[in-house]
Amino acid sequence: MLSVTSRIQKIDRFYSLGDSVSQDLAVQKMKIYKIKTETEGTADFGFVVDGVKVLTALGNFARACSMLVGFAYAVDLAYPKELRYTFEVFQKLLLELDCLKLSPKVNSLKKNLIA
Numbered sequence: 540m541l542s543v544t545s546r547i548q549k550i551d552r553f554y555s556l557g558d559s560v561s562q563d564l565a566v567q568k569m570k571i572y573k574i575k576t577e578t579e580g581t582a583d584f585g586f587v588v589d590g591v592k593v594l595t596a597l598g599n600f601a602r603a604c605s606m607l608v609g610f611a612y613a614v615d616l617a618y619p620k621e622l623r624y625t626f627e628v629f630q631k632l633l634l635e636l637d638c639l640k641l642s643p644k645v646n647s648l649k650k651n652l653i654a
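The opening position of the sequence shown corresponds to residue 540 in my numbering, with each subsequent residue numbered one higher.
Here it is in structure tokens:
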């Protein structure tokens, strides 16, 4: 079983401005990214889907995560297979989108959280 930290590491990617950001993001299926500029000390959060930057300048990781899940739900994107249950928990338990249809694993987690 993967821990929450290892699942989050599969979703996000952090860059310094000097890295080959564009090339790496172009091959990502679905990722949240953070690009930190060394001179200004600020960070740009956003996400890519199928190698295309969809939203940028989201401000923080939590907002980028919720926007990614909301975007995927709105356009009915399939979640990456290895993160299917992680995204289902985000969508159905945390954001309460389409929360009446739960997979058995997520339903079990919900019962354990409520108990």
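We put the CB at the ideal spot given by N, CA and C, even for glycine.
Every value quoted in this text rests on a predicted model; they were computed, and no experiment measured them.
Between the alpha carbons of Asn651 and Gly598 lies a gap of roughly 32 Å.
Its Cα nearest to that of Gly609, the residue Val593 stands out among Glu621, Val593 and Lys620. Counting along the chain, the unbroken alpha helix (DSSP H) around Lys650 starts and ends at Pro643 to Ile653. Taking the Cα of Met569 as reference, the smallest distance to any Cα among Leu639, Leu636 and Leu616 is reached at Leu616. Rounded to the nearest whole angstrom, the CA to CA distance from Gln567 to Ala613 is 20 Å. For Leu594, the enclosing beta strand (DSSP E) covers residues Val591 to Leu594.
For Tyr572, the enclosing beta strand (DSSP E) starts and ends at Met569 to Lys575. Apart from sequence neighbours up to five positions away, the residues of its chain that approach Tyr624 with a beta-carbon distance below 8 Å are Ser642, Lys644 and Val645, ordered along the chain.
Following the DSSP letters along the chain, one finds Gly609 inside the alpha helix (DSSP H) bounded by residues Phe600 to Ala613.
Under the three-state reduction of DSSP output, Asp637 falls in the coil class, being neither helix nor strand. The beta carbons of Phe626 and Ala611 sit closer together than 8 Å.
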